[in-house]
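Each protein sequence line maps, in turn, to chains A and B. full-length UniProt numbering applies: residue 1 is where the first sequence begins, and numbers increase by one. full-length UniProt numbering applies: residue 1 is where the second sequence begins, and numbers increase by one. To start, the structure under review is shown below, and the notes come after it.
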Amino acid sequence: MSKPLKQIHLAAHFPGVNNTTVWSDPRAGSHIEFSSFAHFARTAERAKFDFLFLAEGLRLREQGGRIYDLDVVGRPDTFTVLAALAAVTEHLGLTGTINSTFNEPYEVARQFASLDHLSDGRAAWNVVTSWDAFTGENFRRGGFLPQEERYSRAKEFLATAHELFDSWQGDEILADQAGGAFLRDAKAGAFVHEGRHFDIHGRFNVPRSPQGRPVIFQAGDSDEGREFAASSADAIFSRYATLDEGRAFYTDVKSRLARYGRRADQLLILPAASFVLGDTDAEAEEIARDVRRQQVSGATAIKHLEFVWNRDLSSYDPDGPLPDIDPDPGEHHIARGRAQVRMYRDPLATAREWRERAAANNWSIRDLVIETGNRQNFVGSAETIAETIDTYVQADASDGFILVPHITPGGLDAFADRVVPLLQERGVFRTEYEGTTLRDHLGLAHPDDVRDERAAS
Amino acid sequence: MSSTPVSPLHLAVALDGTGWHPASWREPVARPRELFTAGYWAGLVAEAEHGLLDLVTIEDGLGPQSSHFLDPDDRTDQVRGRLDAVLIASRVAPLTRNIGLVPTAVVTHTEPFHLSKAIATLDYVSTGRAGVRVQITARPNEAAHFGRRTIARIEHYETPVVADLFDEAADHVEVVRRLWDSWEDDAEIRDAGTGRFIDRDKLHHIDFEGRHFRVKGPSITPRPPQGQPLVTALAHATVPYRLVARAADIGYVTPHDTDQARAIVAEIRAEQESAGRAADPLHVFGDLVVFLDDDPGEAAARRDRLDTLAGEEYTSDARIFTGTPAQLADLLQEFQSAGLTGFRLRPAVAGHDLPAITRGLVPELQRRDAFRRAYEADTLRGLLGLSRPANRYAAV
Numbered sequence: 001m002s003k004p005l006k007q008i009h010l011a012a013h014f015p016g017v018n019n020t021t022v023w024s025d026p027r028a029g030s031h032i033e034f035s036s037f038a039h040f041a042r043t044a045e046r047a048k049f050d051f052l053f054l055a056e057g058l059r060l061r062e063q064g065g066r067i068y069d070l071d072v073v074g075r076p077d078t079f080t081v082l083a084a085l086a087a088v089t090e091h092l093g094l095t096g097t098i099n100s101t102f103n104e105p106y107e108v109a110r111q112f113a114s115l116d117h118l119s120d121g122r123a124a125w126n127v128v129t130s131w132d133a134f135t136g137e138n139f140r141r142g143g144f145l146p147q148e149e150r151y152s153r154a155k156e157f158l159a160t161a162h163e164l165f166d167s168w169q170g171d172e173i174l175a176d177q178a179g180g181a182f183l184r185d186a187k188a189g190a191f192v193h194e195g196r197h198f199d200i201h202g203r204f205n206v207p208r209s210p211q212g213r214p215v216i217f218q219a220g221d222s223d224e225g226r227e228f229a230a231s232s233a234d235a236i237f238s239r240y241a242t243l244d245e246g247r248a249f250y251t252d253v254k255s256r257l258a259r260y261g262r263r264a265d266q267l268l269i270l271p272a273a274s275f276v277l278g279d280t281d282a283e284a285e286e287i288a289r290d291v292r293r294q295q296v297s298g299a300t301a302i303k304h305l306e307f308v309w310n311r312d313l314s315s316y317d318p319d320g321p322l323p324d325i326d327p328d329p330g331e332h333h334i335a336r337g338r339a340q341v342r343m344y345r346d347p348l349a350t351a352r353e354w355r356e357r358a359a360a361n362n363w364s365i366r367d368l369v370i371e372t373g374n375r376q377n378f379v380g381s382a383e384t385i386a387e388t389i390d391t392y393v394q395a396d397a398s399d400g401f402i403l404v405p406h407i408t409p410g411g412l413d414a415f416a417d418r419v420v421p422l423l424q425e426r427g428v429f430r431t432e433y434e435g436t437t438l439r440d441h442l443g444l445a446h447p448d449d450v451r452d453e454r455a456a457s
Numbered sequence: 001m002s003s004t005p006v007s008p009l010h011l012a013v014a015l016d017g018t019g020w021h022p023a024s025w026r027e028p029v030a031r032p033r034e035l036f037t038a039g040y041w042a043g044l045v046a047e048a049e050h051g052l053l054d055l056v057t058i059e060d061g062l063g064p065q066s067s068h069f070l071d072p073d074d075r076t077d078q079v080r081g082r083l084d085a086v087l088i089a090s091r092v093a094p095l096t097r098n099i100g101l102v103p104t105a106v107v108t109h110t111e112p113f114h115l116s117k118a119i120a121t122l123d124y125v126s127t128g129r130a131g132v133r134v135q136i137t138a139r140p141n142e143a144a145h146f147g148r149r150t151i152a153r154i155e156h157y158e159t160p161v162v163a164d165l166f167d168e169a170a171d172h173v174e175v176v177r178r179l180w181d182s183w184e185d186d187a188e189i190r191d192a193g194t195g196r197f198i199d200r201d202k203l204h205h206i207d208f209e210g211r212h213f214r215v216k217g218p219s220i221t222p223r224p225p226q227g228q229p230l231v232t233a234l235a236h237a238t239v240p241y242r243l244v245a246r247a248a249d250i251g252y253v254t255p256h257d258t259d260q261a262r263a264i265v266a267e268i269r270a271e272q273e274s275a276g277r278a279a280d281p282l283h284v285f286g287d288l289v290v291f292l293d294d295d296p297g298e299a300a301a302r303r304d305r306l307d308t309l310a311g312e313e314y315t316s317d318a319r320i321f322t323g324t325p326a327q328l329a330d331l332l333q334e335f336q337s338a339g340l341t342g343f344r345l346r347p348a349v350a351g352h353d354l355p356a357i358t359r360g361l362v363p364e365l366q367r368r369d370a371f372r373r374a375y376e377a378d379t380l381r382g383l384l385g386l387s388r389p390a391n392r393y394a395a396v
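Quick look at the structure:
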């Protein structure tokens, strides 16, 4: 007996502030005008996607002491643009990345509860942590958090936000115009939290929102991050979109759930995935190669090498060979305000390996960066991409994907028109929204139902 | 007595729950069950836009509403709870075309970096119709919601503690404004030849260092469509008048008669001069709570009825007007002659008094050539006769 087909979850990541976004394409539009966000969100909703996803960065990236100017720079405020998108969509989930270091629980809980009300239950929060003093320079509270405390603070931040969401049960508002009682209970919203990072008490002033709490995403990849997700997230925004890596991650994270009394279907694994669609597989491969060259200009290639070398390499020719000089093994000082820096844990070994590969293939610096980085996850005809996505999900490499187009705002249009119908034909993707809230789309229970379930058992 | 030619006045409406009278939610038109839905707010703002009003403000706070001066109350007979005002404004922005959207933001416990990009984004979402009403809080319970500091207990607003909170608010506004300017308008160049998306010489660290905090910049959000969205504040005394004079585009004030109006306007203008801003346009709007009916007796009866439901007489920092649209038009023109450039009307019952403003007062003022007959600009600055300001960081 074969197991029933899994239903695929799909989401759309607004093309962001990194070099996968091709701003030089003639079709590339504004990254800041609302019309771009509206177009992108409407496409995602037309395709019956689960949600739209926004990343966040709270300080412009710098390299070599200057603002990094080769990628898209600038983005809107996450909450504000999501609230506006709620006006131009009806079903699409609205997921915002919000930092737990440079915010306070009372304020963030108010904003998410408000967004959930204003979208009739479509809000989700990707909880991220940051600790760097560099970003902290933009905030009155500063960058005070030692790296080892970031999960401890994030956990307590999230737990505190949940206490605030739960401080209203949902039945407090009577609004009895004849009798004169607006509230059933004068203590509605009362909370007390005394912890290591937060010591707050009082009344939360947003009544319970349609989803009870926003859907919680987590994106960290460390052991601690995975444990955090297993204990308290509804979904993981992961970076393992290949079959083998995806399956390993999926197995690892889902096996951690039992420890917290949770079932495998209570935590969704949704990797970010890029794609290039063509009429044929061969055409798609060709377009994909062009896109990678657009993503990695000569200047971008030099800057990318600087992350690893931790040195100013501006005198090198991107079309020439790799530097003979070794990376600076000292503390990283070249690039600030970006996450990739952490990805090269042994720069000397990386440099050695890259030199060998470049020499063996006769690659220039730019060739090397193109070949070693950012190959798109799904490249092919609509049929190929639909089949691959379905295969991966049925093989438990993920529960779906958060698609990252490389063009704003139209980069999702062809996927919506050509790939989604094939997934629908396969019976693995919805043809209509069945529920109204993001929890409905993701098959997640309302927190009150979970509470009732636990109380009954 | 000098006669002045009729000059158009500006009209704003202050939205707060079901209206400013604490018993307003009990009126049949109030729809109190819908207060926490987008549709409720979209309906009110659409009505205000139907009346060609300059802007709506939306009240907010970092704690539940209270009938007490400083502390929370335990009342269950009044509306408690509200949604974030910036997000309400953003939610209705795509549904409207011309009206200005001015949410309240508390600046005492919040980050200027976040507020700056939120209002800049509201300006993008509304294509140039955003502003903000900045507000301080001295409430101990709201400080306890953040747990980062305690604020000394005050007995009234004329204390050094409050002066210090306004000083902090001025720094907050300064940072918000610098961040709006931290990108020059033409910073995005998309130069495929050099591979540069921006000209980074046109992005600026703001390097703000004040007594209360420091902020580096630049913003993560490019300069908004209006350049500088509107900064507005409610003011009742010299310290806040000074904030208005130094940092705001609109001050909302609460004179109860024309003599008071004249005195307040003179004080603000004097502060403006000593701040070196005498040449900058600064609107001073009078705040009024309004009970409007075609029959003056009915307006008074409605007020009495609501007071009875509330169990006490309604009082306000602002003058409370009870009467007909024509009587209100007379009063506004009288106040205008004392130097006010517009008014922020607080409908006692949103569902009743807002339509009375848009369908009663506005036509009356139009008959007197004292109010616009169509929107004449597509940005809020434009509606208020304010030009798009030069960027403080741009090389001349």
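From the three backbone atoms N, C-alpha and C, an ideal C-beta is built for every residue, glycine too.
Is the Cβ-Cβ distance between residue i and residue j less than 8 Å?
{"i": "PHE291 (chain B)", "j": "ASP330 (chain B)", "result": "no"}
{"i": "PHE378 (chain A)", "j": "PHE307 (chain A)", "result": "no"}
{"i": "VAL29 (chain B)", "j": "VAL289 (chain B)", "result": "no"}
{"i": "HIS10 (chain B)", "j": "ASP73 (chain B)", "result": "no"}
{"i": "TYR68 (chain A)", "j": "LEU243 (chain A)", "result": "no"}
{"i": "GLY128 (chain B)", "j": "GLN226 (chain B)", "result": "yes"}
{"i": "VAL81 (chain A)", "j": "PHE37 (chain A)", "result": "yes"}
{"i": "PRO224 (chain B)", "j": "LEU203 (chain B)", "result": "no"}
{"i": "VAL265 (chain B)", "j": "LEU332 (chain B)", "result": "no"}
For residue i, which residues from the same chain have a beta carbon less than 7 Å from its beta carbon, with the 5 sequence-adjacent residues on both sides left out?
{"i": "ARG75 (chain B)", "result": "SER67"}
{"i": "ALA42 (chain B)", "result": "VAL92, LEU95"}
{"i": "ALA28 (chain A)", "result": "VAL22, ILE407, THR408"}
{"i": "ASN18 (chain A)", "result": "ASP71"}
{"i": "TYR106 (chain A)", "result": "LEU164, ILE200"}
Among the options, which has the Cα closest to the Cα of residue i?
{"i": "GLY100 (chain B)", "options": "B:ALA338, B:ALA263, B:LEU122", "result": "B:LEU122"}
{"i": "LEU35 (chain B)", "options": "A:ARG208, A:LYS187, A:ARG27", "result": "A:ARG208"}
{"i": "LEU164 (chain A)", "options": "A:LEU444, A:ARG110, A:GLU148, A:PHE228", "result": "A:ARG110"}
{"i": "HIS13 (chain A)", "options": "A:PHE40, A:PHE53, A:PRO4, A:TRP23", "result": "A:PHE53"}
{"i": "PHE208 (chain B)", "options": "B:ILE220, B:ASP171, B:TYR40, B:ALA192", "result": "B:ASP171"}
{"i": "HIS332 (chain A)", "options": "A:VAL291, A:LEU10, A:GLY16, A:GLN63", "result": "A:GLN63"}
{"i": "ALA186 (chain A)", "options": "B:LEU332, B:ASP77, B:SER387, B:GLY128", "result": "B:ASP77"}
{"i": "GLY435 (chain A)", "options": "A:LYS48, A:VAL17, A:HIS197, A:PRO26", "result": "A:LYS48"}
{"i": "PRO327 (chain A)", "options": "A:GLY320, A:ASP319, A:ARG345", "result": "A:ARG345"}
{"i": "PHE228 (chain A)", "options": "A:LYS155, A:LEU322, A:TRP354", "result": "A:LYS155"}
{"i": "VAL102 (chain B)", "options": "B:VAL86, B:HIS114, B:GLU364, B:THR308", "result": "B:VAL86"}
{"i": "LEU345 (chain B)", "options": "B:SER7, B:PRO8, B:ASP16", "result": "B:ASP16"}
Along chain B, in chain order, which residues have C-beta atoms closer than 7 Å to that of residue i?
{"i": "TYR240 (chain A)", "result": "The contacting residues do not exist; TYR240 (chain A) stays about 28 Å from chain B at best."}
{"i": "GLN111 (chain A)", "result": "ASP84, LEU87"}
Who are the neighbours of residue i on chain A, taking C-beta pairs under 7 Å?
{"i": "TRP20 (chain B)", "result": "The premise fails here: TRP20 (chain B) is roughly 16 Å from chain A at the closest Cβ pair, so nothing lies under 7 Å."}
{"i": "VAL290 (chain B)", "result": "Correct list: empty, because the minimum Cβ distance to chain A is about 22 Å."}
{"i": "ASP71 (chain B)", "result": "The premise fails here: ASP71 (chain B) is roughly 11 Å from chain A at the closest Cβ pair, so nothing lies under 7 Å."}
{"i": "SER274 (chain B)", "result": "Neighbours of SER274 (chain B) on chain A: none; closest Cβ ~28 Å, over 7 Å."}
I believe residue i touches residue j by the beta-carbon criterion, under 8 Å. Please report the beta-carbon distance rounded to the nearest angstrom.
{"i": "ARG26 (chain B)", "j": "GLY337 (chain A)", "result": "No, ARG26 (chain B) and GLY337 (chain A) are not in contact; Cβ-Cβ is about 53 Å, not under 8 Å."}
{"i": "VAL13 (chain B)", "j": "VAL79 (chain B)", "result": "The pair is not a contact, with the Cβ atoms about 18 Å apart (cut-off 8 Å)."}
{"i": "ARG97 (chain B)", "j": "LEU230 (chain B)", "result": "At roughly 18 Å, the Cβ-Cβ gap does not stay under 8 Å, so ARG97 (chain B) and LEU230 (chain B) are not in contact."}
Name the chain A residues that come within less than 9 Å of residue i, Cβ to Cβ?
{"i": "ASP77 (chain B)", "result": "GLY180, ALA181, PHE182, LEU183"}
{"i": "LEU62 (chain B)", "result": "TYR106, GLU107, ARG110, ASN205"}
{"i": "ASN391 (chain B)", "result": "The contacting residues do not exist; ASN391 (chain B) stays about 15 Å from chain A at best."}
Measuring only between beta-carbons, confirm whether residue i sits less than 8 Å from chain D.
{"i": "THR110 (chain B)", "result": "In summary, chain D is missing from the structure at hand, where the protein chains are A and B."}
Taking Cβ-Cβ distances shorter than 8 Å, what residues in chain B pair up with residue i?
{"i": "HIS117 (chain A)", "result": "PHE36, THR37, ALA38, LEU83"}
Can you list, in chain order, the residues of its chain whose CB lies under 6 Å from that of residue i, leaving out five sequence neighbours each side?
{"i": "VAL192 (chain A)", "result": "HIS201"}
{"i": "THR419 (chain A)", "result": "Rather than Thr, the amino acid found at residue 419 (chain A) in this sequence is Val. Around VAL419 (chain A): ALA382, ILE385, ALA386."}
{"i": "ILE236 (chain A)", "result": "GLN218, ALA229, ILE269"}
{"i": "GLY210 (chain B)", "result": "ASP171"}
Enumerate in chain order the residues of its own chain whose CB-to-CB distance from residue i is below 8 Å, with the five nearest sequence positions on each side excluded.
{"i": "ALA299 (chain B)", "result": "PHE291, LEU292, ASP293, THR322, GLY323, THR324"}
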